[in-house]
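Below is one structure, written out as structure tokens; the observations come after it.
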């Protein structure tokens, strides 16, 4: 199936325990209790307890924690260039 429109990315936080990304993203770093993702010009750093990766596909990702303890969203331009950018 072919995409008709480029809609960008959307990030949804559900019940302070699940982060769902729909659209283009890049998984930068993944650990036992954190995930760092880039969506367009934004960096998302989320950490919590007991990370489970439910879905990890080309344009869909679902990360579930027992509880999210910290989340940081920053503009890539404010942070400086990323590796290989």
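Numbering (my numbering), first residue to last: 186 to 270. Don't be surprised by glycine CBs; every beta carbon is placed ideally from N, CA and C.
Excluding residues up to 5 positions away in sequence, 226 lie with their Cβ nearer than 7 Å to the Cβ of residue 262 in the same chain. Residue pairing by DSSP puts residue 234 in a beta bridge opposite 252.
Your pair residue 255 and residue 206 does not check out as a contact, with CB atoms roughly 17 Å apart and the cut at 8 Å. A distance below 9 Å separates the beta carbons of residue 238 and residue 248. The C-beta distance from residue 234 to residue 219 rounds to 11 Å, too long to fall under 8 Å, and the pair is not in contact.
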